[in-house]
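In my numbering, the protein residues as written are 80 to 166. Contents: one structure, followed by commentary.
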């Protein structure tokens, strides 16, 4: 399998990495609970400000965790939960 990683974003692709290996983890996949609506512990305004900041700096994604729950999961237009990137 070959995965393409974006080096600088917005369509600029650099190297192709083909050395992906399986990394074993927990026997069962466990997701984090997502907070919605009134259950959120971070204000909508604060979350919107975080997205604006991430977008301004051309971030690939942003995840906000607070008190054990996902408050926000955001991806720029050309990325998704399935995208691979260098970190």
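We treat Cβ as the ideally placed atom computed from N, Cα and C, and that holds for glycine. The model shown is predicted, which means the values in this text are computed figures rather than measured ones.
Comparing alpha-carbon positions, which option in the options lies nearest residue i?
i: residue 120; options: 150, 129 and 136; result: 150
i: residue 157; options: 116, 137 and 123; result: 137
i: residue 111; options: 159, 146 and 100; result: 146
Identify whether residue i lies in helix, strand or coil by the three-state DSSP scheme.
i: residue 135; result: helix
i: residue 143; result: strand
i: residue 123; result: helix
i: residue 100; result: coil
Assuming residue i and residue j form a contact by the criterion Cβ under 8 angstroms, report the distance between their Cβ atoms to the nearest whole angstrom.
i: residue 155; j: residue 134; result: 7 angstroms
i: residue 148; j: residue 125; result: No, residue 148 and residue 125 are not in contact; Cβ-Cβ is about 15 angstroms, not under 8 angstroms.
i: residue 153; j: residue 130; result: 5 angstroms
At what residues does the beta strand (DSSP E) containing residue i begin and finish?
i: residue 151; result: 148-154
Can you find a CB in chain C that lies within less than 7 angstroms of the CB of residue i?
i: residue 134; result: The structure shown contains no chain C; it holds only a single protein chain.
* State whether the segment 102-115 contacts the segment 132-141, with contact taken as three or more CB pairs (one from each stretch) at a distance under 8 angstroms. => no
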